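Residue numbers (our numbering), protein chains in the order written: chain A, 177 to 534; chain B, 177 to 534. Some notes on the structure that comes next.
Take a look at the structure:
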């Protein structure tokens with residue numbers, strides 16, 4: 177038992193760290209960009225009526241019922257759709273399928289922190305492109321030769337989105353590599369570029385059911401692209417795990433897509449609570465960009481973000497603070513219900529009062 | 177649009193091909209080693225009573241309730257348990273965590289056909305060790321220097337299992353590398369080596385809920401090992417996809433574990449139907465090893481396996497035929513209900529009659 181020579185072949189990596197998942201129901205959880213509203217009523221129906229007998233069989237390996245429903249919803253062919261175990265699985269699959277160059281892939285320096293983790297795991301060289309002082313992505317930074325491009329729209333944790341002009345500019349200057357637009361939050365923003373997949377055969381758009389569709393608990397993500405690119409993603413999936421979506425993940429996602437009215441209503445509520453909360457935070461002296469997501473990214477010129485984070489946490493409100501260069505004076509606050517936002521604002525106000533001496 | 181230079185960075189792989197999933201309910205499906213019996217009654221209860229509201233939240237990233245239930249069932253600590261999206265996800269995670277040597281990993285030549293696919297995807301060198309003429313694994317073949325070892329017990333598609341002596345011999349000769357014992361079918365066999373993880377700190381044992389627990393539709397797999405090895409698997413998981421198990425996958429798996437009586441009864445039924453069917457096939461002139469799994473691996477000295485496969489398929493019975501060296505005269509038949517086995521035997525008998533001229 178002494179030598180432990182087997183240790184020399186263990187992998188050497190630094191994993192991604194997700195937001196905390198406290199078990200206490202009394203906690204107001206504004207730290208994981210979850211939707212405060214339940215999924216569409218049809219989701220409950222699907223679960224209640226599911227015959228457990230069917231679970232003895234494997235699910236559709238290609239999640240065919242879900243692909244069909246997504247194709248219908250987005251006016252695409254089934255061959256334009258890929259489904260995975262959350263958009264993390266979809267993005268990891270795309271990174272592996274498309275980023276096999278010696279040249280670095282490009283993504284912003286302030287962005288979803290899983291990108292560099294996948295690059296390390298999959299041994300993909302990468303170069304980050306600094307966002308400007310207002311956290312805006314400069315499209316010219318992405319013109320150079322590269323092994324691929326990943327841009328989230330809207331970006332996280334900055335909450336800033338871009339419009340069609342930016343995306344087309346990015347694509348027009350990147351015709352020789354694969355461009356991934358990560359649209360995890362696009363349903364809350366101004367523009368989704370799914371419409372461009374027929375125009376740009378090197379474009380992959382990824383989305384998720386975890387945010388706008390209130391199904392984080394079921395782990396469903398998707399990608400849209402030309403069939404050739406989707407087939408490469410299928411091949412990677414089929415070389416790793418043939419059945420990433422279970423029967424209930426497929427069926428609940430389909431039920432969600434069948435209720436467009438509920439979807440629009442929920443997204444509308446989140447957007448209006450978001451914009452009202454942004455105004456309240458600004459009135460308290462916070463600086464924050466206009467959010468196109470279901471969260472707010474804010475800083476206060478007079479107080480340390482970490483102190484506010486700790487203070488509201490003690491009051492049972494979990495928000496997100498990243499101790500990272502450039503953003504360590506910022507807080508990321510998920511948009512909850514009006515009541516949750518009242519609690520957050522009240523806690524923040526008492527922090528400001530207690531820490532402001534006349 | 178002409179150049180398509182982006183094509184040069186696409187991945188080049190040959191994916192695993194799973195058994196067909198026909199949509200027609202009238203088909204007798206004996207081609208994917210699914211369990212013919214439904215999951216434990218508690219599974220239906222969990223689904224029926226699930227509050228869909230909860231689905232707006234992410235699941236436990238570490239599937240904690242399931243880890244606790246597995247630890248209890250197997251008399252282990254929670255630190256000894258890893259959970260994944262089916263045992264394919266668990267095995268792929270283990271391959272990546274543990275097989276990072278320049279030396280080849282060893283596995284049998286006739287075995288689960290996903291192993292070489294993962295090696296190709298993850299760029300792991302490998303060497304296959306031929307099983308003998310009776311498809312038995314020769315343990316001495318695994319004594320040499322290597323980058324790791326994978327042995328399924330029982331093996332698939334051969335259905336042959338080994339006992340404690342073999343596994344200990346294998347482990348005693350492989351103290352400097354990680355040894356994975358893939359126990360997807362162990363609940364139908366004579367021996368599971370989970371008891372050895374405390375004795376061998378380089379042993380990983382993988383299992384699944386898809387076979388003996390009738391939950392193929394929910395995609396749940398697990399691994400057992402010393403906490404150090406489990407932590408490496410967690411790090412790989414957290415570098416790829418933080419939440420591979422959705423809430424209902426976790427909860428249905430827990431419900432299955434809570435009903436030990438039902439589990440034993442179901443496994444017992446499959447085993448007795450299996451052994452009776454083996455006798456019937458032998459009476460028809462088939463040769464087959466004693467199965468320790470939920471399937472039978474058989475050959476007929478007078479008829480082509482492919483012809484039998486096609487014949488029963490036309491009668492609506494799907495079994496598995498592998499057009500591969502060494503096993504292309506064999507059929508793999510999943511053990512179904514007694515009625516399904518009657519249908520299979522009747523179809524096979526009429527094939528034999530029609531093709532035997534007096």
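Built from N, CA and C at the ideal position, the CB exists for glycine as well. For clarity, every value in this text was computed on a predicted model and none was experimentally measured.
{"Check": "Kindly indicate if chain A contains any beta-carbon less than 8 Å away from that of residue 327/B.", "Outcome": "no"}
{"Check": "At the 8 Å Cβ level, is residue 535/B part of the contact set with chain A, yes or no?", "Outcome": "Lying outside 177 to 534, the shown extent of chain B, residue 535/B is not represented and no answer is given."}
{"Check": "If I'm right that residue 257/A touches residue 248/A with Cβ under 8 Å, what's the distance once you round it to whole angstroms?", "Outcome": "Not really, about 10 Å apart at Cβ, beyond 8 Å."}
{"Check": "Can you tell me which residues form a DSSP beta bridge with residue 397/B?", "Outcome": "260/B and 384/B"}
{"Check": "Less than 8 Å between the CB atoms is what I'm expecting for residue 219/B and residue 425/A, so what's the real figure, rounded?", "Outcome": "Actually they do not touch by this definition, with Cβ atoms about 16 Å apart."}
{"Check": "Just by C-beta distance, which residues in the stretch 435-469 of chain A are closer than 7 Å to chain B?", "Outcome": "none"}
{"Check": "For residue 415/A and residue 381/A, I'd like the C-alpha separation in whole angstroms.", "Outcome": "22 Å"}
{"Check": "From which residue to which residue does the alpha helix (DSSP H) around residue 453/A run?", "Outcome": "436-459"}
{"Check": "Can you list the beta strand (DSSP E) stretches of 3 or more residues lying completely in the stretch 336-376 of chain A, in chain order?", "Outcome": "355-358"}
{"Check": "Using a Cβ-Cβ cutoff of 7 Å, what residues of the stretch 190-206 of chain A are near chain B? List them in chain order.", "Outcome": "191, 192, 194 and 197"}
{"Check": "Looking at chain A, which residues of the stretch 356-390 of chain B have a Cβ within less than 8 Å of any of its Cβ atoms?", "Outcome": "377, 378, 386 and 390"}
{"Check": "Give the range of the alpha helix (DSSP H) segment to which residue 283/A is assigned.", "Outcome": "Per DSSP, residue 283/A belongs to no alpha helix (DSSP H); it is in the beta strand (DSSP E), 281-284."}
{"Check": "I'd like to check one pair, residue 432/B with residue 464/B: are the Cβ atoms closer than 8 Å?", "Outcome": "no"}
{"Check": "Just to confirm the assignment, what range does the alpha helix (DSSP H) spanning residue 326/A have?", "Outcome": "It is not in any alpha helix (DSSP H) - residue 326/A instead sits in the beta strand (DSSP E) that spans 324-328."}
{"Check": "Restricting to Cα atoms, I'd like to know which of 368/A, 285/A and 346/A is closest to residue 553/A.", "Outcome": "With chain A represented from 177 up to 534, any question about residue 553/A goes unanswered, as that position is not in the structure."}
{"Check": "Just checking: is the beta-carbon of residue 289/B within a distance shorter than 8 Å of some beta-carbon in chain A?", "Outcome": "no"}
{"Check": "Contact criterion: CB-CB distance below 8 Å. Does residue 185/A meet it with respect to chain B?", "Outcome": "yes"}
{"Check": "Quick check: the stretch 503-519 of chain B against the stretch 437-455 of chain B, are there 3 or more CB pairs under 8 Å?", "Outcome": "yes"}
{"Check": "Under 8 Å between the Cβ atoms of residue 305/B and residue 342/B?", "Outcome": "no"}
{"Check": "Since residue 304/A meets chain B, which of its residues come closer than 8 Å, beta carbon to beta carbon?", "Outcome": "Result: empty, since nearest Cβ-Cβ is about 18 Å, beyond 8 Å."}
{"Check": "What residues in the stretch 400-414 of chain B bring their beta carbon closer than 9 Å to a beta carbon of chain A?", "Outcome": "404, 405, 408, 410, 411, 412, 413 and 414"}
{"Check": "Quick one, which of 303/A, 405/A and 361/A has its alpha-carbon nearest residue 329/A's?", "Outcome": "361/A"}
{"Check": "Could you give the DSSP three-state label for residue 483/B: helix, strand or coil?", "Outcome": "helix"}
{"Check": "If we ignore side chains and look at the alpha-carbon of each, how far apart do residue 503/B and residue 473/B end up?", "Outcome": "10 Å"}
{"Check": "Tell me where the alpha helix (DSSP H) around residue 424/A begins and ends.", "Outcome": "423-433"}
{"Check": "Residues in the same chain with beta-carbon distance under 6 Å from residue 388/A, minus the five sequence neighbours each way, listed in chain order, please.", "Outcome": "363 and 443"}
{"Check": "Taking 7 Å as the limit between beta carbons, can you name the residues of its chain near residue 311/B, skipping five residues before and five after?", "Outcome": "286, 334, 336 and 465"}
{"Check": "Under 9 Å Cβ-Cβ, which residues of chain A neighbour residue 501/B?", "Outcome": "Ordered by position in chain A, no residue passes the 9 Å Cβ test against residue 501/B, which lies about 21 Å from the chain."}
{"Check": "Return the residues of the stretch 500-533 of chain A that lie within a Cβ-Cβ distance of less than 8 Å from chain B, sorted by chain order.", "Outcome": "none"}
{"Check": "Given a limit of 8 Å on CB to CB distance, which residues of the stretch 232-244 of chain A reach chain B?", "Outcome": "232, 233, 234, 235, 236 and 237"}
{"Check": "Going by C-alpha to C-alpha distance, which of 213/A, 524/A and 345/A sits closest to residue 475/A?", "Outcome": "524/A"}
{"Check": "Quick one: is residue 413/A buried, meaning 16 or more other Cβ sit within 10 Å of its Cβ, or exposed?", "Outcome": "buried"}
{"Check": "Starting from residue 316/A and walking both ways along the beta strand (DSSP E), at which residues does that stretch end?", "Outcome": "Where residue 316/A is concerned, there is no enclosing beta strand (DSSP E), given that its DSSP letter is neither H nor E."}
{"Check": "Between residue 266/B and the rest of its own chain, which residues show a CB-CB distance below 7 Å, the 5 nearest in sequence each way excluded?", "Outcome": "258, 260, 382, 397, 398 and 399"}
{"Check": "Whole-angstrom Cβ separation of residue 314/A and residue 353/A, contact assumed at under 8 Å?", "Outcome": "With 8 Å as the limit, residue 314/A and residue 353/A do not qualify as a contact, their Cβ atoms being about 18 Å apart."}
{"Check": "Note down the Cα distance separating residue 210/A from residue 385/A, rounded to an integer number of angstroms.", "Outcome": "10 Å"}
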